[in-house]
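Chemist: What follows is a structure written as structure tokens; I'll ask about it next.
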Amino acid sequence: MTNGIPYETAWQNYQAGSSDPVQFNASSKESLLKQFHPDYQAETTTTLQVGANKGDVCQRQLAQLLQSNALIDEVDLAGASIVETDVLIIGGGGAGCAAALVASENDARVILTTKLRLGDCNTVMAEGGLQASVGVDDTPQQHFEDTLRAGYFKADRKLVSQMVMDGPDVVRWLIQLGMQFDQESEDPFASLSLKRAGGTSAPRILSYRDYTGLEMMRVLREAVTYRPGIEVWRSKPVVELLSNEFGHCAGAAVYDMSHRKLMLVRAHAVILATGGIGRMHLNAFPTSNHFGATGDGLILAYRLGAKLRELDSFQYHPTGVSYPRHLAGSLVSEAARSAGATLLNGLGERFVDELQPRDVVAASIIRECEEGRGVDWDGQVGVWLDTPRLEQQKPGTLQKFGSLRHLAHKCGHDPAEKPFLVYPTLHYQNGGVVIQRNGSTSVPGLFCAGEVTGGIHGRNRLMG
Numbered sequence: 075m076t077n078g079i080p081y082e083t084a085w086q087n088y089q090a091g092s093s094d095p096v097q098f099n100a101s102s103k104e105s106l107l108k109q110f111h112p113d114y115q116a117e118t119t120t121t122l123q124v125g126a127n128k129g130d131v132c133q134r135q136l137a138q139l140l141q142s143n144a145l146i147d148e149v150d151l152a153g154a155s156i157v158e159t160d161v162l163i164i165g166g167g168g169a170g171c172a173a174a175l176v177a178s179e180n181d182a183r184v185i186l187t188t189k190l191r192l193g194d195c196n197t198v199m200a201e202g203g204l205q206a207s208v209g210v211d212d213t214p215q216q217h218f219e220d221t222l223r224a225g226y227f228k229a230d231r232k233l234v235s236q237m238v239m240d241g242p243d244v245v246r247w248l249i250q251l252g253m254q255f256d257q258e259s260e261d262p263f264a265s266l267s268l269k270r271a272g273g274t275s276a277p278r279i280l281s282y283r284d285y286t287g288l289e290m291m292r293v294l295r296e297a298v299t300y301r302p303g304i305e306v307w308r309s310k311p312v313v314e315l316l317s318n319e320f321g322h323c324a325g326a327a328v329y330d331m332s333h334r335k336l337m338l339v340r341a342h343a344v345i346l347a348t349g350g351i352g353r354m355h356l357n358a359f360p361t362s363n364h365f366g367a368t369g370d371g372l373i374l375a376y377r378l379g380a381k382l383r384e385l386d387s388f389q390y391h392p393t394g395v396s397y398p399r400h401l402a403g404s405l406v407s408e409a410a411r412s413a414g415a416t417l418l419n420g421l422g423e424r425f426v427d428e429l430q431p432r433d434v435v436a437a438s439i440i441r442e443c444e445e446g447r448g449v450d451w452d453g454q455v456g457v458w459l460d461t462p463r464l465e466q467q468k469p470g471t472l473q474k475f476g477s478l479r480h481l482a483h484k485c486g487h488d489p490a491e492k493p494f495l496v497y498p499t500l501h502y503q504n505g506g507v508v509i510q511r512n513g514s515t516s517v518p519g520l521f522c523a524g525e526v527t528g529g530i531h532g533r534n535r536l537m538g
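Using my numbering, the first residue of the sequence shown is number 75, and each one after it goes up by one.
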């Protein structure tokens with residue numbers, strides 16, 4: 075970030091208001107992204123020298139991790155206790171819990187191990203909602219086309235098809251588990267409320283207030299906790315995947331943090347559901363991710379020989395907190411922009427259609443700041459997210475957003491009186507482990523679910 079317009083001047087410009095239309099420059103989206111989006115900067119990438127993706131372009135910090143050596147060897151495993159199970163699931167977030175429930179429904183013995191606590195994950199921090207084509211004016215075909223278009227047609231069409239066709243059934247499953255969604259009215263039989271998100275052709279976002287992920291994890295964690303046949307291990311990170319003489323994944327080495335010892339788990343199937351990599355702060359960006367999002371699954375899978383994809387593509391959510399500094403990167407939900415909140419630079423001007431795909435909005439914010447039109451507040455640079463005018467135009471809207479109001483309180487202001495200062499925050503890894511429609515990888519016996527997978531989103535991900 076570079077110097078911007080001093081806060082006092084920018085505040086006066088903001089208060090003066092602007093009825094100007096969105097200010098687009100003459101450059102195309104492609105040139106905007108190539109000039110300002112972090113993924114396209116040459117200094118951020120390198121070429122992998124070893125492994126299944128040798129010769130592929132990869133983000134520099136991730137490349138160092140993928141090409142690193144294991145911390146344990148056969149000597150360290152000598153005398154380790156051995157546990158056997160049908161399915162070993164690595165990760166205790168939304169994908170891991172869902173996988174555990176489905177496996178147990180099919181009479182499998184399941185061990186779910188997590189390096190933190192059950193539910194410590196990015197899912198619980200997701201706010202805006204999830205997408206499923208359940209509206210009368212929407213179809214899976216539209217959802218399919220929107221997803222491909224947003225990802226620049228780089229996604230695996232079979233995976234996208236699977237996702238959009240499964241979406242409505244997954245929503246029904248979550249409701250049956252007890253998850254609540256916003257409805258059009260307080261009538262218990264009212265229709266589900268659908269919102270429009272950036273890059274979509276129809277209202278498709280299902281949400282619960284602005285803490286949808288928290289509500290989802292509430293029901294998933296409860297279901298896993300009380301489901302017979304699922305054994306949950308907390309504070310037991312996997313440090314290496316194990317293979318048999320045929321090269322199949324046969325289990326994992328697990329470190330018991332409480333007793334400071336290694337354990338071996340033999341399993342007929344291993345499911346990686348370890349989430350993303352945001353806490354590595356790639357390209358020196360702040361992040362919206364939880365503390366456990368350190369790319370473990372990518373590294374474990376790559377060392378075992380699994381093929382990865384889109385290793386140079388990451389999503390930067392447009393609206394992370396920029397000021398105060400200690401909250402930098404904290405997510406201001408897209409729900410605010412979906413409801414009508416606009417983005418203004420230090421001149422008080424709108425500079426982008428707020429419901430463009432996330433990469434375009436993020437690159438536009440970076441452009442405003444790098445070209446000196448951002449707001450400089452005590453050394454932190456960003457743009458305004460205009461929540462006060464949203465509340466003026468739609469009274470009561472902010473009352474629905476508990477997470478947003480709580481974040482504003484931590485920032486020290488009332489969102490109905492003062493806008494957020496925002497700047498893009500590292501949010502999601504677009505790529506990951508190559509999978510088939512059933513989650514299988516190029517290594518027999520190894521499966522993946524959730525953010526650790528690649529191919530569903532291409533080079534950019536839609537909200538939800």
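Cβ atoms here follow ideal geometry from the backbone N, Cα and C, with glycine treated the same way.
Bear in mind that the values here come from a model prediction, so they are computed numbers and not experimental data.
Sorted by chain position, which residues of the same chain lie with C-beta nearer than 6 Å to aspartate 230's C-beta, five sequence neighbours on each side aside?
Modeler: The residues are Gly529.
Chemist: Please report the distance separating the alpha-carbon of glutamine 138 from that of arginine 377.
Modeler: Roughly 13 Å between the two C-alpha positions.
Chemist: Specify, as a first and last residue, the run of the beta strand (DSSP E) that proline 392 falls within.
Modeler: Proline 392 -> beta strand (DSSP E) spans 388-395.
Chemist: Excluding sequence positions up to five away, which residues of its chain have a Cβ less than 8 Å from the Cβ of valine 287?
Modeler: Note that residue 287 is glycine in the sequence shown here, rather than valine. Same-chain partners within the cutoff: Gly168, Asn196, Thr197, Val198, Met199, Ala200 and Glu201.
Chemist: Could you please give the first and the last residue of the uninterrupted beta strand (DSSP E) stretch that includes isoleucine 163?
Modeler: Where isoleucine 163 is concerned, the enclosing beta strand (DSSP E) stretches over 155-164.
Chemist: Going by other Cβ atoms of all chains shown within 10 Å of its Cβ, with 16 needed for buried, is alanine 116 buried or exposed?
Modeler: By the neighbour-count rule (16 or more Cβ atoms within 10 Å), alanine 116 is not buried but exposed.
Chemist: When you compare only the Cα positions, how much space is there between tyrosine 88 and methionine 290?
Modeler: Going by the C-alpha atoms only, they are around 37 Å apart.
Chemist: Look at the Cβ atom of tyrosine 397, then the Cβ atom of leucine 495, and state whether they are nearer than 8 Å.
Modeler: Yes, the pair counts as a contact, with Cβ atoms nearer than the cut-off.
Chemist: What's the gap between the Cα of alanine 367 and the Cα of proline 311?
Modeler: Rounded to the nearest angstrom, the two C-alpha atoms are 13 Å apart.
Chemist: Give every residue of the same chain whose Cβ lies closer than 7 Å to the Cβ of glycine 352, excluding the five residues on either side of it in the sequence, and list them in chain order.
Modeler: The residues are Thr361, Ser362, Asn363, Ala367, Leu500 and His501.
Chemist: Who are lysine 484's beta bridge partners in DSSP?
Modeler: Partner(s): none; lysine 484 has no beta bridge.
Chemist: What residues in its chain sit with their C-beta under 7 Å from that of valine 526, if we drop five residues either side in the sequence?
Modeler: Closer than 7 Å at Cβ, skipping near neighbours: Leu346, Ala347, Thr348, Gly349, Gly371, Leu372, Gly506 and Val507.
Chemist: Does the stretch 384-402 come close enough to the stretch 427-446 to have 3 or more Cβ pairs within less than 8 Å?
Modeler: Output reads yes: the stretch 427-446 touches the stretch 384-402.
Chemist: Hey, how far is the Cα of leucine 107 from the Cα of serine 404?
Modeler: So the two alpha carbons sit approximately 23 Å from each other.
Chemist: Determine the contact status of threonine 118 and glutamine 133, defining contact as a CB-CB distance below 8 Å.
Modeler: Cβ distance < 8 Å, so threonine 118 and glutamine 133 count as in contact.
Chemist: Can you grab the Cα-Cα spacing for the pair alanine 437 / tyrosine 226, in whole Å?
Modeler: Roughly 16 Å between the two C-alpha positions.
Chemist: If you measure between the beta carbons of leucine 457 and leucine 401, is that distance less than 8 Å?
Modeler: Position check: residue 457 holds valine in this sequence, whereas leucine was assumed. No, the Cβ-Cβ distance between valine 457 and leucine 401 is not below 8 Å.
Chemist: Can the beta-carbon of alanine 206 be found less than 8 Å from the beta-carbon of leucine 280?
Modeler: Result yes, Cβ atoms of alanine 206 and leucine 280 sit closer than 8 Å.
Chemist: For serine 516, which residues in the same chain have their Cβ closer than 8 Å to its Cβ, ignoring the five residues on either side in sequence?
Modeler: Counting only Cβ-Cβ distances below 8 Å, and skipping sequence neighbours, we find Ala126, Gly379, Ala380, Lys381 and Val508.
Chemist: Start and end of the alpha helix (DSSP H) containing glutamate 82?
Modeler: 81-90 is the extent of the alpha helix (DSSP H) around glutamate 82.
Chemist: Confirm, please, whether the CB-CB distance from valine 328 to threonine 416 is below 8 Å.
Modeler: Going by C-beta atoms, threonine 416 is not nearer than 8 Å to valine 328.
Chemist: Using DSSP with H/G/I as helix, E/B as strand and the rest coil, what is serine 235?
Modeler: In this structure, serine 235 counts as helix in the three-state DSSP scheme.
Chemist: Report the option in Glu314, Gln466, His531 and Lys468 whose CA atom is closest to the CA atom of aspartate 150.
Modeler: Looking at the Cα atoms, Glu314 is the closest of the given residues.
Chemist: What residue range does the beta strand (DSSP E) around glutamine 138 cover?
Modeler: Unbroken run through glutamine 138 is the alpha helix (DSSP H), 134-140; no beta strand (DSSP E).
Chemist: For a test of the three-state rule: what should DSSP assign to phenylalanine 263, helix, strand or coil?
Modeler: Reduced to three states, the DSSP call for phenylalanine 263 is coil.
Chemist: Taking only the alpha-carbon atoms, compute the straight-line gap between glutamate 465 and leucine 536 and give it to the nearest angstrom.
Modeler: Taking the straight line joining both Cα atoms gives about 26 Å.
Chemist: Going by DSSP, name the residue or residues bridged to cysteine 323.
Modeler: Paired residues: Ser317.
Chemist: Go ahead and label phenylalanine 255 buried or exposed: buried means 16 or more other beta carbons lie within 10 angstroms of its beta carbon, across all protein chains shown.
Modeler: Per the 10 Å Cβ criterion, buried.
Chemist: Going straight from the alpha carbon of histidine 342 to that of valine 184, what length do you get?
Modeler: Spanning the two alpha carbons is a distance of roughly 10 Å.
Chemist: Mind checking serine 265: buried by the 16 CB within 10 Å criterion, or exposed?
Modeler: By the neighbour-count rule (16 or more Cβ atoms within 10 Å), serine 265 is not buried but exposed.
Chemist: Along the chain, where does the beta strand (DSSP E) containing aspartate 450 start, and where does it finish?
Modeler: Here the beta strand (DSSP E) through aspartate 450 covers 449-451.
Chemist: Which two residues bound the contiguous beta strand (DSSP E) that contains threonine 121?
Modeler: Per DSSP, threonine 121 belongs to the beta strand (DSSP E) from 119-121.
Chemist: Give me the Cβ distance between arginine 301 and leucine 175, rounded to the nearest whole Å; I'm assuming they're in contact under 8 Å.
Modeler: So it is a contact: roughly 6 Å between Cβ atoms.
Chemist: Alpha carbon to alpha carbon, what distance is there between glycine 538 and threonine 471?
Modeler: Answer to the nearest angstrom: the Cα atoms are 20 Å apart.
Chemist: According to DSSP, is isoleucine 146 part of a helix, a strand, or is it coil?
Modeler: Coil, per DSSP.
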